Amino acid sequence: MKVTINLKITVLFATAFLFVCALFVLLGKVQIDSYLTNEQSRQKEIVEKIIYNLERKEGFSIHEYLLSKSFKLVENERNIKHIVAKGEKVLRVNSLYGSFSSIIYHNQIFFYVEQLNTKHLYKLNASARLEYLFLLSFFFSLILIIFLYFSVLRSLMPLKILKKKIKNISAGKIEPLSEYSQINDEISEISFEFDHAINKIQELVKSRQFFLRMIMHELKTPIGKGRIVCEMLDNQKQKDRLVAIFERLELLIDEFGKIEKVLSRNCQLNLQTYHLSLILEQTEDYLMRDDFYQKVKITYKEDTMIVADLELFSLMLKNLIDNAIKYSVDKACEIICSGDYIIVRNKGIQLKKTFDYYLKPFVREHNTQVEGMGLGLYIINNICNLHGYNLTYSYEDGYHTFKIVFSRLK
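So, in structure tokens, the structure goes:
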């Protein structure tokens, strides 16, 4: 189960919600018990004062006295009978002037006066106010918790947008994050710093592209002049040899430009359907080896058709075959073409590290006599991913097997 920040916050606030509810229930019980105990003692004192005043003052009104003590007369006869019958009598004082009782009913305490011809039930006004105040505090606390919960969730919402934009950036779609610059919180700071980093990266990418284009332009100029000079040579053998060299240099520069586009993810594929045999012919031209068929054995189980960019896919196979020949112990490799895959096999020593390690840029085997920058498998894997194909590797019986798995064209 994925434990997200939202889930953690929800669990935290749910726990706080339950804790507050339990706390108010406990405090309410304690408060009610304390209130009833104090009110019971107070009503006992009131009874004593009533009896005292009745004995010493003529015309003393119990009703007026109780009203002055924040009592309110209960006038509904049905309620009076119900409370007297169902309530708990916690205090009863009998005197010559009547009977006085304290009755607890539904966490409220009533004062009941019984005289010769009259019976009156009084309710304390403060008890209702206390109950309302307690409930108000309870609901205010709950509303505050709920408000804070949704407020925190709302403040985290930009993180989802930020995550989406970061994914777009990793896919090559650069989008500014400055829309959060007006929000004075940590998320706006993250967005600002991320924007700053993206701008730096864009500057570096543009500088690299400008530098590479300038180098390729500067290299093509002397190559073009060299080819013109070659045409002036009288010796046909030397002329053909130099022309082949300059053509190879031009091909390498073009290949370098394509690789730069692939690595910078600034490449638009020209996808069409091709037979594997045609792609391998193009690959042979890229390799420019006179001994191609002496070094490379091709087996067609099926000359299937695939959807690919001819130049890039041929370039990928060229790098894969070139690496296979370079790193094989017999300086040869085998290609097997089938309906769902193409395999390049070569005989060699087992890799010292995992295959994923060699898919990184500028990684190559140590203590090897083979020259290179360690970009071969990195470029191959990137071109495979651009086509939506899968590159797999295995080592069995002394042979390295690189398999490019693709979807059969229906």
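Numbered per the UniProt record's numbering, the sequence shown spans residues 1 to 410.
By construction, the Cβ of each residue, glycine as well, lies at the ideal position given by its N, Cα and C atoms.
These figures come from a predicted structure and were not determined experimentally.
Where does residue i land, buried or exposed, given buried means 16+ other C-beta within 10 angstroms?
i: Ala22; result: exposed
i: Asn382; result: buried
i: Arg345; result: buried
i: Ser314; result: buried
i: Glu39; result: buried
i: Leu116; result: exposed
i: Leu391; result: buried
i: Tyr293; result: exposed
i: Thr15; result: exposed
i: Leu386; result: buried
i: Ile380; result: buried
i: Ala197; result: exposed
i: Val47; result: buried
i: Phe388; result: Inspection of the sequence shows that residue 388 is occupied by Gly rather than by Phe. Exposed is the call here.
i: Glu132; result: This sequence places Tyr at residue 132; Glu is not what is there. With fewer than 16 other Cβ atoms within 10 Å, it is exposed.
i: Tyr357; result: exposed
i: Thr304; result: buried
i: Ile215; result: exposed
i: Phe150; result: exposed
i: Ser41; result: exposed
i: Val113; result: buried
i: Lys81; result: exposed
i: residue 451; result: Limits of the chain in this structure are 1 at one end and 410 at the other, which puts residue 451 out of reach.
For a quick check, are the C-beta atoms of residue i and residue j less than 9 Å apart?
i: Phe17; j: Leu142; result: yes
i: Asp322; j: Lys347; result: no
i: Val296; j: Glu334; result: yes
i: Ile306; j: Thr354; result: no
i: His120; j: Ile32; result: no
i: Phe192; j: Leu162; result: no
i: Leu269; j: Leu312; result: yes
Using only alpha-carbon positions, find the residue among the options that is nearest to residue i.
i: Lys49; options: Lys86, Ile9, Val3, Val93; result: Val93
i: Lys220; options: Asp322, His196, Phe256; result: Phe256
i: Val90; options: Gly98, Asn125, Lys44, His82; result: Lys44
i: Ala308; options: Gly348, Lys295, Tyr105, Phe406; result: Phe406
i: Lys326; options: Leu212, His400, Tyr52; result: His400
i: Ile298; options: Phe134, Gly348, Gly87, Glu281; result: Glu281
i: Leu212; options: Asp254, Gly226, Asp234; result: Asp254
i: Asp291; options: Ala332, Leu133, Cys230; result: Ala332
i: Ile279; options: Tyr300, Leu310, Leu386; result: Leu310
i: Asp397; options: Lys360, Ile349, Tyr389, Gly376; result: Ile349
i: Leu159; options: Tyr149, Ile146, Gly226, Glu186; result: Glu186
i: Ile146; options: Ile404, Tyr300, Ile9, Cys384; result: Ile9
i: Glu88; options: Lys119, Phe100, His82, Tyr105; result: Tyr105
i: Val20; options: Phe100, Phe138, Asp33, Arg208; result: Phe138
i: Ile404; options: Ile336, Ile46, Val11, Glu58; result: Ile336
i: Tyr52; options: Ser95, Asp33, Leu312, Lys86; result: Ser95
i: residue 491; options: Leu148, Phe210, Leu36; result: Any answer about residue 491 is impossible in this case: the structure gives the chain only from 1 up to 410.
i: Lys258; options: Gln209, Lys72, Thr4; result: Gln209
i: Leu188; options: Asn168, Cys384, Glu218, Met157; result: The sequence shown places Ser at residue 188, not Leu. When each option's Cα is compared against that of Ser188, the closest is Met157.
i: Tyr35; options: Ser99, Phe134, Leu7; result: Phe134
i: Asp340; options: Leu7, Lys225, His275, Arg248; result: His275
i: Ile166; options: Ile190, Lys237, Leu144; result: Ile190
Contact check, residue i vs residue j under 8 Å by CB: the rounded distance?
i: Glu302; j: Ser338; result: 6 Å
i: Leu351; j: Tyr395; result: 7 Å
i: Ile223; j: Glu250; result: 6 Å
i: Tyr97; j: Phe111; result: In fact, because the Cβ distance is near 15 Å, the residues do not count as touching under 8 Å.
i: Leu66; j: Phe60; result: The pair is not a contact, with the Cβ atoms about 12 Å apart (cut-off 8 Å).
i: Val84; j: Ile109; result: Not confirmed; about 13 Å, so no contact.
i: Ser70; j: Asn107; result: Not a contact, Cβ separation roughly 18 Å.
i: Ile343; j: Phe246; result: With a Cβ gap of about 35 Å, Ile343 and Phe246 do not count as contacting.
The region 311-321 / the region 284-298 touching (three or more Cβ pairs under 8 Å): Short answer: they touch.
Spell out a yes or no on whether the region 14-30 and the region 77-86 are touching, meaning 3 or more CB-CB pairs, one atom from each, closer than 8 Å.
Counting C-beta pairs closer than 8 Å gives fewer than three between the region 14-30 and the region 77-86, which falls short of the contact rule.
Touch test, the region 232-244 against the region 184-203, Cβ-Cβ under 8 Å, three pairs minimum:
Result no; under three Cβ-Cβ pairs closer than 8 Å.
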